[in-house]
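Following: one structure in structure tokens, then a few remarks.
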Amino acid sequence: MSARGDSVAAMDQEEPEVVFFASAAEFRTWLEEHYETAAELWMGLYRKGDPRQGLTWEDAVPEALCFGWIDSANRRIDESARRQRWTPRAARSNWSAVNIAHIQRLIAEGRMHPAGLAAYERRTPDRTGVYSFERRDELDPAEAAALAADPAAQAFWDAAMAGYRRVCANWVHGAKRAQTRADRPAALVADCAAGRLIPSQRYGQTPTWLARAAEAASAAGEKGQDTRGETGRAAPGLAAGGSTPEASR
Numbered sequence: 309m310s311a312r313g314d315s316v317a318a319m320d321q322e323e324p325e326v327v328f329f330a331s332a333a334e335f336r337t338w339l340e341e342h343y344e345t346a347a348e349l350w351m352g353l354y355r356k357g358d359p360r361q362g363l364t365w366e367d368a369v370p371e372a373l374c375f376g377w378i379d380s381a382n383r384r385i386d387e388s389a390r391r392q393r394w395t396p397r398a399a400r401s402n403w404s405a406v407n408i409a410h411i412q413r414l415i416a417e418g419r420m421h422p423a424g425l426a427a428y429e430r431r432t433p434d435r436t437g438v439y440s441f442e443r444r445d446e447l448d449p450a451e452a453a454a455l456a457a458d459p460a461a462q463a464f465w466d467a468a469m470a471g472y473r474r475v476c477a478n479w480v481h482g483a484k485r486a487q488t489r490a491d492r493p494a495a496l497v498a499d500c501a502a503g504r505l506i507p508s509q510r511y512g513q514t515p516t517w518l519a520r521a522a523e524a525a526s527a528a529g530e531k532g533q534d535t536r537g538e539t540g541r542a543a544p545g546l547a548a549g550g551s552t553p554e555a556s557r
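In the working numbering, the protein residues as written are 309 to 557.
Right, dumping it as structure tokens:
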């Protein structure tokens, strides 16, 4: 196999042809020549430490982004190498936060090709930063404080499973419209205080922990009402005018 941009046919006739590149510059040259006409590219990548190293995946990604291409599937060739598929980015493809950061850096460096800029400008908010590992899976301090201010809501939250709490945080932060995003923290507090799931989770089999969490919310809510009631009553020994016997002397 060559590490200088030569193509090699896989032993199995059904496998795609693989191209190994010596450098990012060599891959960029290929993109300049083929980004508009090629439907895909299967790039050969050697394992780290192999003396034939050549182009790495980490260095290939920015070059592909410059021309509106993206990586997808990869397959093993042998013990020393794998093949990585690259294709033009579809109009409705997802954009990771990592790739957006790459694009912003590439724009600043003046490396973006018009095709890559066009692909970047076609992205939509609902498909930007959508990967689970990039989502904010914890409530903001203000959102957590709103829960803590409602004893019933906090009790439900504490009794809920950790996975459900992450789902809720993503639901709060994942709203597309600004007004919906602003309304969801209060909606979360209301649902927790009422002992119910958020709307997106009200389907299928009821979680086993829900009854326990709802009971905790109910108990905390009743306790909170009792406490507020005691606070509003006159303390024993207070006269109608509000003075203690000692104070009237």
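Backbone N, C-alpha and C define an ideal beta-carbon position, used for all residues, glycine too.
Close beta carbons around residue i, own chain, < 7 Å, minus the five adjacent residues each side
i      : result
Ser558 : With the chain covering only 309 through 557, there is no way to say anything about residue 558.
Leu414 : Pro370, Leu373, Cys374, Met420
Glu348 : Arg393, Trp394, Thr395
Ile506 : Cys476, Trp479, Leu496, Asp499
Ala265 : Because the chain here runs from 309 to 557, residue 265 falls outside it and cannot be looked at.
Asn407 : Leu373
Gly529 : Pro459, Ala460, Ala501
Boundaries of the beta strand (DSSP E) in which residue i is found, first to last residue
i      : result
Tyr354 : 349-354
Phe328 : 326-328
Same chain only: Cβ atoms within 8 Å of residue i, ignoring 5 sequence neighbours per side
i      : result
Ala450 : Pro493
Leu455 : Leu447, Ala461, Gln462, Trp465, Leu496, Val497, Cys500
Lys531 : Pro459
Met469 : Pro515, Trp517
Own chain partners of residue i with C-beta closer than 6 Å, once the 5 adjacent residues on each side are dropped
i      : result
Phe441 : Unreliable placement is indicated for Phe441, whose pLDDT of 49 sits below 50; the coordinate value is still reported in the next sentence. Within the same chain, Phe441 has no close Cβ partners at all.
Ala399 : Arg430
Ala522 : Gly503
Arg384 : Arg390
Pro324 : Trp350
Gly382 : Rather than Gly, the amino acid found at residue 382 in this sequence is Asn. So the list reads Arg390, Gln392, once near-sequence residues are dropped.
Residue range of the unbroken alpha helix (DSSP H) whose run includes residue i
i      : result
Phe335 : 332-342
Gly362 : It is not in any alpha helix (DSSP H) - Gly362 carries neither H nor E in the DSSP assignment.
Leu455 : 449-456
Ala426 : 422-429
For residue i, the residue or residues it bridges with in DSSP
i      : result
Asp379 : Trp394
Any non-hydrogen atom of the ligand MG within 7 Å of residue i CB
i      : result
Val406 : Summarising the ligand content, the structure contains no ligands, and the ligand MG is consequently not present.
key: Contiguous alpha helix (DSSP H) assignments of at least 4 residues, all confined to the stretch 383-417   = Segments of the alpha helix (DSSP H) lying fully in the stretch 383-417: 405-416.
Quick check on the DSSP output: what are the complete alpha helix (DSSP H) runs of length 4 or more inside the stretch 468-539, in order along the chain?
Complete alpha helix (DSSP H) runs here, min 4: 470-481, 486-501.
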